[in-house]
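The structure under discussion appears below in the form of structure tokens.
2 protein chains.
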Amino acid sequence: MSPRGPDPDASGREAAGGGEPPRDEDGWIGAIARRFPPGPRVRVGLGHDAAVVAFDGRDVVLKTDTVIDGVDFRLAACGARAAARKALAVTVSDLAAMAALPRACVVSAVLPRGIDFATFDALAAGFEDGARETDCEVVGGDTSVADAPLVLTVAAIGEPGPHGVVTRAGARPGMDLSVTGPLGGSILGRHLTFAPRVREAQVLAALGVPAAMMDLSDGLSTDLPRLAARSGVGAEVDAEALPVHPDVARLADGVAPWRHALDDGEDFELLLAHAPLSAATRAALAAADVTLHRVGRVTAAAGGVTLREGGRTVPLRRGGFDHLRSHPAGPTGG
Amino acid sequence: MSPRGPDPDASGREAAGGGEPPRDEDGWIGAIARRFPPGPRVRVGLGHDAAVVAFDGRDVVLKTDTVIDGVDFRLAACGARAAARKALAVTVSDLAAMAALPRACVVSAVLPRGIDFATFDALAAGFEDGARETDCEVVGGDTSVADAPLVLTVAAIGEPGPHGVVTRAGARPGMDLSVTGPLGGSILGRHLTFAPRVREAQVLAALGVPAAMMDLSDGLSTDLPRLAARSGVGAEVDAEALPVHPDVARLADGVAPWRHALDDGEDFELLLAHAPLSAATRAALAAADVTLHRVGRVTAAAGGVTLREGGRTVPLRRGGFDHLRSHPAGPTGG
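Chains as they are written, first to last, in the working numbering: chain R, 61 to 394; chain F, 61 to 394.
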């Protein structure tokens with residue numbers, strides 16, 4: 061994942077058919093998934109924000125995520141402490157997307173050769189920050205030194221909340237699509253400082269709102285098709301409804317603000333499909349300080365994700381970040 | 061970790077005292093450990109092979125480990141499949157060392173830019189191999205591309221075996237120190253092909269043998285002081301008792317074979333402290349095809365680890381691999 065603006069060359073991102081190797085990240089991962097059929101212990105497997113594993117009569121939610129200097133942050137700009145905090149927060153965000161409660165994590169750091177102790181200690185401070193903020197205790201780790209950029213991997217376990225987990229698979233035609241906050245422009249700093257939506261997910265789950273849910277890491281235009289595919293449905297996004305974060309105005313790059321909201325990555329808000337909200341549910345969400353911004357609707361056109369903009373309906377182009385296709389300019393590191 | 065021969069410059073590896081920054085891997089990690097005091101959920105925390113976290117009335121054993129091209133394997137020599145299998149096996153080895161049963165894992169791969177799909181698929185095949193061999197199912201993963209060598213991180217969860225977990229902390233003066241197999245020369249290939257001692261650990265635990273246990277990843281001379289420190293005891297190694305793997309003879313480098321057994325890393329045998337074995341226990345171990353090689357004894361000299369060799373007793377020098385001090389020649393990749 062990485063925050064960035066729209067990609068003018070983002071058309072034609074479909075996975076190659078026939079005998080050719082797959083051409084994008086989802087295609088590569090899809091092609092190897094056959095090697096890992098879910099066994100009897102797996103309640104939720106590949107293709108969701110996190111896995112759910114049956115464990116001695118309980119369910120454990122398990123997730124790993126990696127951030128890299130030059131891809132997901134710029135160490136020289138943001139410092140080691142912010143980088144490590146981000147590494148932990150992106151993993152916890154995936155637990156939140158499953159409506160799980162973070163419990164513990166282990167961290168791995170590949171340190172560039174010649175790193176000094178002060179930088180190492182700042183990494184530890186960042187992990188400490190993230191752990192305290194998300195109640196996801198660091199219980200172990202691994203350190204290596206290599207001729208490599210800084211690589212931070214966090215693996216976390218969580219417990220299903222009292223109302224169970226939510227996956228990407230429950231969206232049904234006619235449902236609304238909503239997000240928990242304004243989108244776009246996270247590259248200016250929010251990609252480092254965001255708070256994983258653990259609390260918001262619990263509030264939503266307690267009210268029975270989300271039928272399907274995920275976190276927005278690669279951008280709505282990349283992530284929504286994943287949710288739709290996993291649910292076997294289509295989706296339509298309403299450009300004029302997209303909540304645009306004030307940061308987008310500061311980008312001042314001539315790109316339409318709604319397109320930043322659609323394509324920029326690393327907002328780490330929740331995207332959810334849900335039945336239309338009752339007045340009572342709206343009131344309960346407001347009382348709990350959880351805001352839903354409706355961005356579109358679920359359709360019956362399996363796999364078809366469209367964009368409604370200026371009176372036209374067009375296929376949604378994926379403008380988000382793809383690790384296997386893109387050489388990103390990279391974030392500024394805020 | 062990395063397999064290698066003895067380090068002629070291995071003296072004076074003690075962590076720096078006073079106001080200086082710590083000088084080795086254990087020192088750096090010890091210096092940041094204060095940031096992560098164990099919370100109420102932590103049954104076993106930092107400083108052991110894996111963490112044990114109380115989880116909704118059950119204990120989850122959690123561990124992560126990372127391997128890197130050029131440090132822990134050479135991709136061009138061993139291939140992606142063997143590298144990925146190793147990544148999974150080194151993590152499972154730590155679960156084994158706790159007498160835990162592997163249950164599931166998540167994998168993270170940092171892929172060098174320009175990697176082809178065949179290599180990616182071979183990585184998946186290697187993870188599949190490791191998962192099948194160790195009954196540790198791959199339930200999720202994360203893929204990134206960077207200007208970096210191949211970095212593979214595996215985080216696994218395990219369940220305490222029916223006889224509970226074993227930590228590094230239970231060694232007591234007068235106990236024997238034993239290993240589960242011959243040591244040294246893993247650089248010739250065993251560092252890639254070893255089988256984590258999951259079964260052996262269960263047999264030993266069922267017989268009540270291990271009072272303290274760990275896996276040998278960085279070499280006996282580096283790992284034993286860690287076990288001794290964690291138990292608050294001393295230890296003495298008997299050079300003549302060290303079981304030398306036949307691979308050592310193939311190294312033919314003029315170094316005493318027992319020194320390879322002492323210093324080479326990545327044997328991934330279990331090291332355990334235990335009360336002297338009864339005849340009945342010996343018979344039960346033999347019947348289960350588990351062999352213990354006695355390598356020394358636990359002493360009361362807290363922190364003092366010595367080597368008995370040629371009639372002399374000298375302080376044990378740490379000759380194993382230290383990520384923060386060494387620039388290894390690196391393994392040949394078998």
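Just so it is clear, CB atoms sit at the ideal spot from N, CA and C, and this is done for glycine as well.
Review point. What residues in the region 170-194 of chain F bring their beta carbon closer than 9 Å to a beta carbon of chain R?
Key: 170, 171, 173, 175, 176, 177, 178, 180, 181, 183, 184, 185, 187, 188 and 191
**Study point:** 8 Å Cβ cutoff met for residue 168(R) and residue 282(F)
**Key:** no
**Study point:** Minimum length 4: unbroken alpha helix (DSSP H) runs contained in the region 294-321 of chain R
**Key:** 307-311
Practice item. Under 8 Å by Cβ, that's how I've got residue 280(R) and residue 330(R) pegged, so tell me the actual separation to the nearest angstrom. Key: 11 Å between Cβ atoms; not a contact.
Check your understanding: DSSP state of residue 259(R), grouped into three classes?
Key -> helix
Exercise for review: Taking C-beta pairs closer than 9 Å, name the residues in chain F that residue 213(R) reaches, listed in chain order.
Suggested key: 124, 126, 168, 170, 202, 211, 213 and 215
**Study point:** chain R within 8 Å of residue 199(F), Cβ atoms only
**Key:** yes
Check your understanding: Going along the region 75-106 of chain F in order, which residues come within less than 8 Å of chain R, judged by CB to CB distance?
Key -> 81, 82, 85, 88, 89, 91, 92, 95, 96, 98, 99, 101, 102, 105 and 106
Practice item. Using a cut-off of 7 Å between C-beta atoms, extract the partners of residue 307(R) located in chain F. Key: The premise fails here: residue 307(R) is roughly 24 Å from chain F at the closest Cβ pair, so nothing lies under 7 Å.
**Study point:** chain R residues whose Cβ lies nearer than 7 Å to that of residue 254(F)
**Key:** Result: empty, since nearest Cβ-Cβ is about 18 Å, beyond 7 Å.
**Study point:** Cβ contact (3+ pairs, closer than 8 Å) linking the region 170-185 of chain R and the region 216-235 of chain F
**Key:** no
Check your understanding: By Cβ distance below 6 Å, which residues in the same chain neighbour residue 264(R) in space, the five residues on each side in sequence not counted?
Key -> 270
Practice item. Tell me, please, whether the CB atom of residue 164(F) is closer than 8 Å to any CB atom in chain R? Key: yes
Practice item. Have a look at 321(F), 100(F), 335(F) and 206(F) and flag the residue whose alpha-carbon is nearest the alpha-carbon of residue 172(F). Key: 206(F)
Check your understanding: Is the distance from the Cβ of residue 163(R) to the Cβ of residue 163(F) below 8 Å?
Key -> no
Practice item. Pair every Cβ in the region 348-365 of chain R with every Cβ in the region 294-301 of chain R, then say whether three or more of these pairs are closer than 8 Å. Key: yes
Check your understanding: Where does the unbroken beta strand (DSSP E) through residue 332(F) begin, and where does it stop?
Key -> 330-334
Point to revise | Pair within 8 Å by beta-carbon distance, residue 166(R) and residue 199(R) | key: yes
Review point. Quick one: does the C-beta of residue 191(R) sit closer than 7 Å to a heavy atom of the ligand ADP?
Key: Of the ligands one can find in the structure shown there are none, so the ligand ADP has no counterpart to examine.
Review point. Any residues in the region 127-159 of chain R with a beta carbon nearer than 7 Å to a beta carbon of chain F? Which ones, in chain order?
Key: 128, 130 and 131
Check your understanding: Can you tell which of 158(F), 319(F), 176(F) and 120(F) has the C-alpha that lies nearest to the C-alpha of residue 80(R)?
Key -> 176(F)
Review point. So, residue 298(R) versus residue 356(R), is the Cβ gap smaller than 8 Å?
Key: yes
Review point. So with Cβ pairs under 8 Å, would you call residue 355(R) a contact of chain F?
Key: no
Practice item. Leaving out five residues on either side along the sequence, give the residues of the same chain with a beta carbon under 7 Å from the beta carbon of residue 105(F). Key: 98 and 111
Practice item. Determine, using beta-carbon pairs with one atom in the region 327-347 of chain F and one in the region 250-260 of chain F, whether at least three such pairs fall under 8 Å. Key: yes
Exercise for review: Under 7 Å between beta-carbons, which chain R residues line up against residue 219(F)? List them in chain order, please.
Suggested key: 115 and 116
Practice item. Identify the contact partners of residue 269(F) in chain R, using a Cβ-Cβ distance below 7 Å as the criterion. Key: Neighbours of residue 269(F) on chain R: none; closest Cβ ~24 Å, over 7 Å.
Check your understanding: Which residues in the same chain have their Cβ closer than 7 Å to the Cβ of residue 209(R), if we skip the five residues on either side of it in sequence?
Key -> 128, 129, 130 and 172
Practice item. Flag residue 365(R) as yes if its beta-carbon sits less than 8 Å from any beta-carbon of chain F, otherwise no. Key: no
Point to revise | Rounded C-alpha distance that separates residue 251(F) from residue 212(R) | key: 24 Å
Review point. For residue 201(F), which of 187(R), 89(R) and 153(R) has the nearest alpha-carbon?
Key: 89(R)
Check your understanding: Using a beta-carbon distance below 8 Å, is residue 207(R) in contact with chain F?
Key -> yes
Check your understanding: Roughly how many angstroms separate the alpha carbons of residue 287(F) and residue 245(R), rounded to a whole number?
Key -> 49 Å
Practice item. Report all residues from its chain with a CB closer than 6 Å to the CB of residue 120(R); omit the five preceding and five following residues, and keep chain order. Key: 113 and 217
Check your understanding: Ordered along the chain, which non-local residues of its own chain (more than five positions away) have a Cβ less than 6 Å from that of residue 369(F)?
Key -> 299
**Study point:** Chain-ordered residues of the region 221-233 of chain R with a beta carbon less than 8 Å from chain F
**Key:** none
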